[in-house]
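One structure below.
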Amino acid sequence: MNVDLLIYISAAIVILAIICTALLGKRNERANVQNADIDQHRPLRRRGAVRHRRRMQENVNHADQQPEENDRPIYQDNDEDEDHKNEKIGTKKRAKLAAKAEKKIKREAAEREREDHKKREQLLQEERDKETEKERVEQLLAEEAEKKAREEKEWQEYEKYLKMKEAFRVEEEGFEEENRECKENLLQEFLAYIKLNKVLVLEDLAAHFGLKTANVIERIQELQANGNLTGVIDDRGKFIYISEDELQAVAKFVRQRGRVSITELVENSNNLIKLTPSKKTVAFMLNE
Numbered sequence: 001m002n003v004d005l006l007i008y009i010s011a012a013i014v015i016l017a018i019i020c021t022a023l024l025g026k027r028n029e030r031a032n033v034q035n036a037d038i039d040q041h042r043p044l045r046r047r048g049a050v051r052h053r054r055r056m057q058e059n060v061n062h063a064d065q066q067p068e069e070n071d072r073p074i075y076q077d078n079d080e081d082e083d084h085k086n087e088k089i090g091t092k093k094r095a096k097l098a099a100k101a102e103k104k105i106k107r108e109a110a111e112r113e114r115e116d117h118k119k120r121e122q123l124l125q126e127e128r129d130k131e132t133e134k135e136r137v138e139q140l141l142a143e144e145a146e147k148k149a150r151e152e153k154e155w156q157e158y159e160k161y162l163k164m165k166e167a168f169r170v171e172e173e174g175f176e177e178e179n180r181e182c183k184e185n186l187l188q189e190f191l192a193y194i195k196l197n198k199v200l201v202l203e204d205l206a207a208h209f210g211l212k213t214a215n216v217i218e219r220i221q222e223l224q225a226n227g228n229l230t231g232v233i234d235d236r237g238k239f240i241y242i243s244e245d246e247l248q249a250v251a252k253f254v255r256q257r258g259r260v261s262i263t264e265l266v267e268n269s270n271n272l273i274k275l276t277p278s279k280k281t282v283a284f285m286l287n288e
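Residues in the sequence shown are numbered consecutively from 1, following the UniProt record's numbering.
Now the structure itself:
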């Protein structure tokens, strides 16, 4: 029974030793993690911890040896040099970090300035676009108003032109009517003058009516074509008027003789055609 008790006690001691060893291992691990964090964020404390660990290591390695008095200043000088070196490295790193931070601040400030400038330019561009659109609309309205006014003016001028045209047309119709009556009267006077004189020199006839000889000839030919005038124009530039009665007398003479030569017709023309108007004809023309 004592043997069993000893076994139980031995087992308990072993288990307790294992537990203690595990706890110490975890404790050392946490200490190492804390030291690593301290070394990362606090360079000065890290240097102190390094010196402390080095001294502990030296104490462990030389536990059985007594350092001599003249060796201590050497170790102290080395520690001071290393501290100065570590401090110098820390100062450079801090300066580098500070410069980097300052550069970042300046870069962010420059970016903000660019963004602000871009926003201001965008606002100015929007204002310019609005002003341009406003001017364009105003110009379109002005052009539309000008076009409308121009069309209104053109329409008024066109109406005025139509009224004037109508007035001219009425006047022209009246003038044409008067002119037609005048021409008719002149034509009757022309016919009466020819019938009254029987034989006329064309140049004298033209001078009497203020016309050209060619115009007189054209007018006589038109009257002959219309049947309003009968007669002949000889080679001496004279027009001989022949009345209807005289034409019938010539026709009767030709029928009675059968065949009539030009010589016989000329010889008897003075008896058939009167070269001076008869009193009856003169009286009739004067009454007209």
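Even glycine gets a Cβ: it sits at the ideal position worked out from N, Cα and C.
Residue i and residue j closer than 8 Å at C-beta
i	j	result
GLU203	THR213	yes
ILE240	VAL201	no
residue 295	ILE242	An answer regarding residue 295 cannot be provided, because it is not within the stretch 1 to 288 covered by the chain.
VAL216	ALA206	yes
For residue i, three-class secondary structure by DSSP
i	result
LYS148	helix
GLY231	strand
ILE240	strand
LEU186	helix
ARG259	coil
Neighbour-count burial assignment, residue i, 16 or more Cβ in a 10 Å radius
i	result
residue 326	In this structure the chain extends from 1 to 288, so residue 326 is not present and cannot be described.
LEU24	exposed
LEU229	buried
LEU44	A caution first: LEU44 carries a pLDDT of 45, below 50, which makes its placement in the model unreliable, though a value can still be read off. Counting Cβ neighbours within 10 Å, LEU44 comes out exposed, since fewer than 16 surround it.
Nearest neighbour of residue i, chosen from the options [CA to CA]
i	options	result
TYR193	LYS163, HIS208, GLU181, GLU184	HIS208
LEU186	LEU162, LEU211, ALA98	LEU211
Inside the region 199–228 only - alpha helix (DSSP H) runs reaching at least 4 residues: Within the region 199–228, complete alpha helix (DSSP H) segments of at least 4 residues are found at 202–209, 213–226, given in chain order.
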